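**Student:**
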Amino acid sequence: MWWKCGYLIALALIVAVLSRGISMGEGAGPGGGDHQAPEQLTLQQALSLALQHSPDVAAAERRLEAARALVGEAEAGFYPKINVSEQYTDTNNPVGAFMSVLNQRRFSFDVDFNHPRPTENFNTRLSLTQPLFSGGRTVIARRIARTTVERSADDLRRVHHHLMFEVTQAYFVVLQAQELVTVQREAVAQVEAQLALAKARFGAGTAVRSDVLSVDVRLAEVREELIKAQNRLALSQAALNAILGVELERPFVLSPESRVDALEARLEEVRKAALERRPEVARLRKERVIGEERLRLARAEYLPTLNVVAAYDLDSQNFSRLEDSWQVGVALHLNLFDGFATAAKVHQARHNLEEIKALERRLELDIQLEAKEAFLSVQEARDRIRVAAKSVQQAEESLRIIETRYRGEIALVTEVIDAQVALTGARTRLVTARFAEQIALARLRRAIGGPVQ
Numbered sequence: 000m001w002w003k004c005g006y007l008i009a010l011a012l013i014v015a016v017l018s019r020g021i022s023m024g025e026g027a028g029p030g031g032g033d034h035q036a037p038e039q040l041t042l043q044q045a046l047s048l049a050l051q052h053s054p055d056v057a058a059a060e061r062r063l064e065a066a067r068a069l070v071g072e073a074e075a076g077f078y079p080k081i082n083v084s085e086q087y088t089d090t091n092n093p094v095g096a097f098m099s100v101l102n103q104r105r106f107s108f109d110v111d112f113n114h115p116r117p118t119e120n121f122n123t124r125l126s127l128t129q130p131l132f133s134g135g136r137t138v139i140a141r142r143i144a145r146t147t148v149e150r151s152a153d154d155l156r157r158v159h160h161h162l163m164f165e166v167t168q169a170y171f172v173v174l175q176a177q178e179l180v181t182v183q184r185e186a187v188a189q190v191e192a193q194l195a196l197a198k199a200r201f202g203a204g205t206a207v208r209s210d211v212l213s214v215d216v217r218l219a220e221v222r223e224e225l226i227k228a229q230n231r232l233a234l235s236q237a238a239l240n241a242i243l244g245v246e247l248e249r250p251f252v253l254s255p256e257s258r259v260d261a262l263e264a265r266l267e268e269v270r271k272a273a274l275e276r277r278p279e280v281a282r283l284r285k286e287r288v289i290g291e292e293r294l295r296l297a298r299a300e301y302l303p304t305l306n307v308v309a310a311y312d313l314d315s316q317n318f319s320r321l322e323d324s325w326q327v328g329v330a331l332h333l334n335l336f337d338g339f340a341t342a343a344k345v346h347q348a349r350h351n352l353e354e355i356k357a358l359e360r361r362l363e364l365d366i367q368l369e370a371k372e373a374f375l376s377v378q379e380a381r382d383r384i385r386v387a388a389k390s391v392q393q394a395e396e397s398l399r400i401i402e403t404r405y406r407g408e409i410a411l412v413t414e415v416i417d418a419q420v421a422l423t424g425a426r427t428r429l430v431t432a433r434f435a436e437q438i439a440l441a442r443l444r445r446a447i448g449g450p451v452q
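Position 70, counted from 1, in the sequence shown is what numbering that gives the first Met the number 0 calls 69; the numbers after and before it change by one each time, with no gaps.
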């Protein structure tokens, strides 16, 4: 009786385990893992996601925080420096022994200071240094630190704009790849229909076998193009994910309605806005200011420094009796000759500043050229859209006419193939031109120093 109950319990457990395994298997993909449901992703969401995960943005933010810490480091020069030290000495040096005995208040004429016995001393010192005048070094260092913060902020803005453009470009490349896959699928469907017609005519004796073979070859070509288009789509999706900073296999469903806001402006307005608003220009101008301050800092080495110094000492031979002493004074330091090191620093700082000015001019020219290229790219893409749209209409009508003539046995199959090739090419050019306009608009907005969206 008991063994029957045990058998039934074991059988129930086996059924439960198998049922769970079957249910898990139904939810698994072909590779045995769970399929991740695709996420909807608009262009704005993609931009936000990239800003959250981008290592370039994280690095620029850390540089900004590090620059802010430099301000505190520079301002430390205004505050006093307080140090404490503990020192133990044991010496029979006449001067050292004499000074230790004096500090311990144990001086006696009975001591032979020419040949003193080993003398121990424990010294505790609290020292203070307060800068009064540094030749402007501390003030200049603070200005450099503050300008460095501003430069780092401009650099962060540059990273943001560059990332937003890269995301926008990658986003539209994926949408373009999706539409090009659709174009190739339509081409495959058209050629399959043409092949069916050619086979029907060949079966009816109104076409030769070479017609069927020609269309069959064309079908293999468009299927190969479809495979290439699908591969380009997969690669573009992985490239977008890499820019977003997420797993390459993470699936997204993009919004075909995503668009970059149009920008209507004259070329001169675009070039002027680029020079005024680009973070790269602002960053290099801050670099020039820093270079000017570093030249002043190098020249400040010729000026003296003046500090208040103070110290409080405790001296003892064995800690049983502590004797204290103090001193206060003013210390002046003036560089009279340092082997021309300061002159070399000034020379170096001056030439570094001239280099920055030359780079600033080079950057202004590059940005004006980039703005012009972006402006002309938008115009080119719009012209291409108009031409490609008309070409698609003409190619569709041409294919319709030639297919009708082929059905009426008054056109060659090669004419049908040529018309289909022309239509696929026209549709491809139209898709490419449409997305080229969106990418060009994004590049134009980046060129003038504004956000993509």
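C-beta atoms are modelled at their ideal positions from N, C-alpha and C, and glycine is treated no differently.
Because the structure is a prediction, the values reported are computed rather than measured.
(1) Among all the DSSP beta bridges, which residues are the ones paired with R124?
(2) Give the range of the beta strand (DSSP E) segment to which E322 is assigned.
(3) Per DSSP, what kind of secondary structure is V391 in: helix, strand or coil?
(4) Using C-beta distances below 6 angstroms, list every residue in its chain close to A272, excluding the 5 sequence neighbours before and after it, in chain order.
(5) Measuring CA to CA, which of L294, F251, R231 and A96 is closest to Q35?
(6) Report yes if the CB atom of V173 is closer than 7 angstroms to the CB atom of Q236, and no otherwise.
(7) Residues in its own chain within less than 8 angstroms of V371 by CB, not counting five upstream and five downstream?
(8) Are I355 and G424 close, meaning C-beta to C-beta below 7 angstroms?
(9) Anyone know if the C-beta pair for T128 and V308 falls short of 7 angstroms?
(10) Of the choices R381, L262, T205 and G76, whose alpha-carbon is the least far from that of F132?
(11) Between which two residues does the alpha helix (DSSP H) holding L101 run?
(12) Report the option in Q86, A421 and L368 whose CA atom is closest to the CA atom of V190.
(13) Please confirm if the segment 427 to 434 is in contact with the segment 358 to 367, defined as three or more CB-CB distances below 8 angstroms between the two stretches.
(14) Entirely within the segment 53 to 83 and at least 4 residues each: give me those alpha helix (DSSP H) ranges in chain order.
(15) Pull up the CB-CB distance for L274 and E363, whole angstroms please, since I reckon it's below 8 angstroms.
(16) Taking 7 angstroms as the threshold (C-beta atoms), are R442 and A387 in contact?
(17) Could you pull out every residue in the same chain whose Cβ sits closer than 6 angstroms to the Cβ of I81, ignoring the five residues on either side in sequence?
(18) Among the candidates S254, N92 and E85, whose CA atom is the shortest distance from the CA of N113?
(19) How many angstroms separate the CA atom of R156 from the CA atom of G135?
(20) What are the residues that DSSP puts in a beta bridge with P130?
(21) Which partner residues of Q378 appear in the DSSP bridge assignment?
(22) For A152, which residues of its own chain have a beta-carbon under 7 angstroms away from its beta-carbon, when the five flanking residues on both sides are left out?
(23) For G328, I'd like the list of residues in its chain whose CB is within less than 6 angstroms of its CB, leaving aside the five on either flank, ordered along the chain.
(24) With distance defined between alpha-carbon atoms, name the residue in R404, F434, R287 and D314 nearest to A380.
(25) Considering only the beta carbon of each residue, do V180 and A219 sit closer than 7 angstroms?
(26) Under 7 angstroms, do A96 and T88 count as touching if we go by C-beta distance?
(27) Measuring CB to CB, does S99 end up less than 7 angstroms from R124?
(28) Which residues mark the beginning and the end of the beta strand (DSSP E) in which E38 is found?
(29) Where does F164 fall in DSSP's three states?
(30) I'd like the list of long-range same chain contacts for L321, defined as Cβ closer than 7 angstroms, with 5 residues on each side in sequence excluded.
(31) With burial defined as no fewer than 16 other Cβ atoms inside 10 Å of the residue's Cβ, what is the status of E72: buried or exposed?
(32) Using only alpha-carbon positions, find the residue among T304, R231 and I384 that is nearest to T137.
(33) Just the Cα atoms here: how many angstroms apart are R385 and H350?
(34) By the three-class DSSP mapping on this structure, what secondary structure does L253 have?
(35) CA-CA distance, H332 and E279?
(36) Measuring CB to CB, does G244 end up less than 7 angstroms from S53?
**Tutor:** So, from the listed chains and residues:
(1) DSSP, once it has assigned bridges, lists S84 and D312 as partnering R124.
(2) E322 to H332
(3) helix
(4) I447
(5) F251
(6) yes
(7) Looking at the sequence shown, residue 371 is not Val but Lys. Taken in chain order, the residues that qualify are L266, V269 and R270.
(8) Cβ distance not < 7 angstroms, so I355 and G424 don't count as in contact.
(9) yes
(10) Taking the Cα of F132 as reference, the smallest distance to any Cα among R381, L262, T205 and G76 is reached at G76.
(11) P93 to N102
(12) For V190, the closest alpha carbon among the candidates Q86, A421 and L368 is that of A421.
(13) These segments do not touch.
(14) 54 to 74
(15) 6 angstroms
(16) Not closer than 7 angstroms, so no.
(17) L127
(18) N92
(19) Cα-Cα distance, rounded: 32 angstroms.
(20) N306
(21) In the DSSP output, where bridge partners are listed per residue, Q378 has none listed.
(22) L63
(23) V308
(24) F434
(25) no
(26) no
(27) no
(28) E38 to L40
(29) Per DSSP, reduced to three states, the secondary structure at F164 is helical.
(30) Counting only residues of its own chain and dropping the five nearest sequence neighbours on each side, L321 has a CB closer than 7 angstroms to the CB of L313 and S315.
(31) exposed
(32) T304
(33) The straight-line gap from Cα to Cα measures roughly 53 angstroms.
(34) strand
(35) 41 angstroms
(36) Contact flag set, yes.
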